[in-house]
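A short write-up of the structure that comes next.
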């Protein structure tokens, strides 16, 4: 009996190998526009973090940047979604991209840290861009090899600007913060936001308060219902605006604010990562998104691809996108902010750029 | 070695293979609909899993937790229990192994057996509760194991940041020291740097052991008797309750061991906020493997190949990543509706006879 | 405490309703003798069908789109449930396995379709249902604040279906036949009941209800189809057993889940509860369910023939 089984199994394997043999003839690059000049043509790959490619934030932002670069520069692009979130899963997809000829690989997320640490040695003919982290071994020892660039954002500066804008627009009352998981980028948003509020209170005479119980990390980026419930509770206890840096949890917050705004109550959300104005639209034209604390992931991804194309890839370096290179900020236009507020925020931005205002990326004596 | 198969084993193999063929055909239709060539796609799928020694090693490593979770589900099925809680048992097993690895500072030869034992105990304890609830209070194991999944999820969710927090990250534990990892240098080098590890041997040993228990021992006979007809078994003097608890505990131990191969084998730390998908895939593995230990092994290798190769397929041709998942689900559906396939086989056979 | 209670009450209800209607679907299926572990997948399918319909129609019919979406969701859930009905009724397949296949298929196939139809694996809708206070009733003391403020229309729809289901199950000939199929299919068969037809109908109903549950999540609090309902289908299944396969029982069980998980979620921002370790609050509903199942185990009301394929002449 076992012989029979083995025979069947072997024949399956054989068929598979045969099939595999047949498949080697067709041209691998069957899609995209590979028509660019051969010398500088390279293919750009991306591996997604735990969320989906359509997360309207991190993965999607990176992918949009990569795609735009692909279109503008005539490069093939591709993203892969790993089956799990372990280092092995990430390395496997990086290997798949590499073997398929995608030798410029962008990975969004701190979770890629150890995977890129290994990949930069293993695939020395490839270039890597890691966002929000440096490559590090499992004991946290960082090392950026010449074929890798690590990108950081000054989320605290972005949060600061959003905080100033919120304070100026609302003038007085309570605000709150809902974070996803307690990870450095989210924490920096939070700390920056609190500093922004403080700055506005001290320099523009606003009277905005943040109560310690209204600063929370929900603990996931996925639980929409919890986002709604937390937001509802905060609004009920008098909070006028919530800064939600929490993925889908933030989506729950936005939905709750929309429901309240429809009923004629005051409820604002400060968006995160990208301009979320459109997510907050209700009754046709109005939106509950007061402003958004953005980090321009798409620009960063685009710039890296373009740099490689132009032969200016700054391998071995950690690049920070902050106010100085316009890598962070709030949207230029948002109908919910008065023009006076927009002008004042622009002035604050200039002061940060000039170094007159220092925004700290550390917790210090701030809440959580 | 002489291997024992049940009466219907040829039929089981045929059904499983046909289910795979139908699943692949359905996948081919979908690939064609999205405008790609299914033959090329499948070629890349298999190449992705097999074309180099490293990839072959990765495929085996991907299969390892699936072998054990599949074995866990299959074993419980034999006693008539549906262990939908393999994911939670894996998580707890992996958590216990990680905890041992991070707490004790011992040489490899001592810490590895301890970590493995811890994973087995962790999984067994997590399954003991549904087992005793089923035996004593007739609480349906589907509900109780789901509850245990969530309880495990939240326990790990709070315990990891509380006691084993990484230096910078709240969301995962510190990395375990090399001594406590199932990855060993010679094996990785043998497979050109693959993440294959000792877990594979543990899994194969478990398959051999479970096949032996089920087919050659009194315990195995009793467990199967309980699964076949609880009341008849009771009448024959078998202690049904004891066997139910025992079966759940063994199933949990297997899943827990699977957790060790996942968290201190394929990975080197434990993350919070995720139940391992391999636990749920174990149901599919057991099903395709017709609930037999060797069947589970083969089915897990096949699914491991699919999971391992699908990334390469996606990298080479333009198809959505969900295709591979759809193929797997279709295979399961066809395996579930095996009656249909059996009828088809019967008709083919009778037609042959008619000629 | 009272103000806190009134504040979280509407959200507990919002979380309860999708669970309730899905569990009710499971009730019809299991009472007819077909175990439906595929509720999770059927919810996903409903969420997908609804999201797609609303996404496509909302620009043209801003007001009616949501209700059309609800109908499409129920329809798609019902159609997908046919797969389960076919496998478990016609082919006498193992119902647990067939249900598992439904779950796996739903998650993969819907995201695949979403990506091919809309270009994205997630479908976000511009707006869902609007909450409202019920006139007059909302000003009643105590109950007004709890039950009639900030309610979604879908809540009342589901409660109406619940009442109707109770009536159908216990007060009509069809209900009697359905329950008979789940207890003694052969006796029902000899009494002239078409067991096949009754079971088909019940499984289709369970699909429609689970689909409704899925779309209610979408149009009340999530606003986005993502290819998952994060285990709520399994929680509905647990509620069905917790609620002892009875409409009012599952109302109690699902409300318990809704309330307990809402409290666990908002405990972070409630000073009164902040001192309790989070892990205790999070595992509380699950542990209590286990305890409740032990307490009810003496009087378990599981349909006797649930999970058993029916074949003519088999005694």
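Protein chains in written order, with the working numbering: chain R, 1280 to 1647; chain A, 22 to 376; chain C, -4 to 310. Every residue, glycine too, gets a C-beta built ideally from N, C-alpha and C.
Expressed to the nearest angstrom, what Euclidean distance is found between the alpha-carbon atoms of residue i and residue j?
i               : j               : result
residue 92(A)   : residue 65(C)   : 41 Å
residue 1461(R) : residue 174(C)  : 51 Å
residue 1302(R) : residue 209(A)  : A caution first: residue 1302(R) carries a pLDDT of 39, below 50, which makes its placement in the model unreliable, though a value can still be read off. Straight-line Cα distance between these residues: approximately 28 Å.
residue 284(C)  : residue 175(A)  : 16 Å
residue 1463(R) : residue 190(A)  : 8 Å
residue 326(A)  : residue 333(A)  : 11 Å
residue 333(C)  : residue 123(C)  : The structure shown has nothing for residue 333(C), since chain C only spans -4 to 310.
residue 1359(R) : residue 218(A)  : 25 Å
residue 1626(R) : residue 1574(R) : 19 Å
residue 1531(R) : residue 288(A)  : 32 Å
residue 213(C)  : residue 147(C)  : 12 Å
residue 173(A)  : residue 1480(R) : 45 Å
residue 321(A)  : residue 111(A)  : 16 Å
residue 133(C)  : residue 1629(R) : 52 Å
residue 1608(R) : residue 0(C)    : 39 Å
residue 262(C)  : residue 260(A)  : 46 Å
residue 299(C)  : residue 244(A)  : 23 Å
residue 84(C)   : residue 1564(R) : 51 Å
residue 83(A)   : residue 37(A)   : 21 Å
residue 238(A)  : residue 229(A)  : 13 Å
Would residue i pass as an interface residue toward chain A - the criterion being a Cβ-Cβ separation below 7 Å?
i               : result
residue 241(C)  : no
residue 1350(R) : no
residue 1316(R) : Note that residue 1316(R) has pLDDT 39, beneath the 50 cutoff, so the model's placement of it is unreliable and no number is given.
residue 1616(R) : no
residue 1359(R) : yes
residue 1417(R) : yes
residue 1599(R) : no
residue 292(C)  : yes
residue 106(C)  : yes
I'd like to know if residue i contacts chain R, where contact means its C-beta is closer than 7 Å to some C-beta of that chain.
i              : result
residue 160(C) : no
residue 314(C) : With chain C covering -4 to 310 only, the question about residue 314(C) has no answer from this structure.
residue 373(C) : The shown model of chain C, from -4 to 310, leaves out residue 373(C), and the question about it has no answer.
residue 218(C) : yes
residue 79(A)  : yes
Assign residue i to one of three DSSP states: helix, strand, or coil.
i               : result
residue 127(A)  : coil
residue 290(A)  : coil
residue 142(C)  : helix
residue 318(C)  : Outside the modelled stretch of chain C, which goes from -4 to 310, sits residue 318(C), for which no answer is possible.
residue 1380(R) : coil
residue 33(A)   : helix
residue 1651(R) : Within the shown structure, residues of chain R are numbered from 1280 to 1647, placing residue 1651(R) beyond reach of any answer.
residue 341(A)  : coil
residue 1278(R) : Outside the shown range of chain R (1280 to 1647) lies residue 1278(R), about which nothing can therefore be said.
residue 1524(R) : strand
residue 195(A)  : coil
Answer yes or no: does any C-beta atom of chain C fall closer than 7 Å to that of residue i?
i               : result
residue 1378(R) : no
residue 1546(R) : no
residue 1469(R) : no
residue 1645(R) : no
Closer than 9 Å, Cβ to Cβ, to anything on chain A: give me those residues from the segment 1439 to 1466 of chain R, in chain order. 1460, 1461, 1462, 1463
Taking only beta carbons into account, state which residues of the segment 1495 to 1511 of chain R come closer than 9 Å to chain C, listed in chain order. 1495, 1496, 1497, 1498, 1501, 1502, 1503, 1504, 1505, 1506, 1507, 1508, 1509, 1511
Pairing CB atoms from the segment 352 to 362 of chain A with CB atoms from the segment 220 to 235 of chain C, are three or more of them under 8 Å? no
Taking 8 Å as the threshold, find out whether the segment 287 to 306 of chain A comes into contact with the segment 132 to 145 of chain A through three or more Cβ pairs. no
Which residues, in chain order, does the segment 111 to 123 of chain C contribute to contact with chain A at a C-beta distance below 7 Å? 111
Could you say if the segment 1329 to 1347 of chain R and the segment 1548 to 1565 of chain R meet the contact criterion of at least three C-beta pairs nearer than 8 Å? yes
Interface positions of the segment 50 to 63 of chain A facing chain C (Cβ-Cβ less than 9 Å), listed along the chain: 51, 54, 55
Residues of the segment 83 to 94 of chain C in Cβ contact with chain A at a cutoff of 7 Å, in chain order, please. 86, 87, 88, 89, 91, 92, 93
Are three or more beta carbon pairs between the segment 235 to 255 of chain C and the segment 11 to 20 of chain C nearer than 8 Å? yes
With contact counted as at least three CB pairs below 8 Å, one residue from each stretch, are the segment 204 to 213 of chain C and the segment 170 to 188 of chain C in contact? no
Using 8 Å as the threshold, is the segment 1422 to 1430 of chain R in touch with the segment 1588 to 1597 of chain R, meaning 3 or more CB pairs across them? yes
Count the CB pairs spanning the segment 269 to 285 of chain A and the segment 73 to 80 of chain A that are closer than 8 Å, and state whether there are at least three. no
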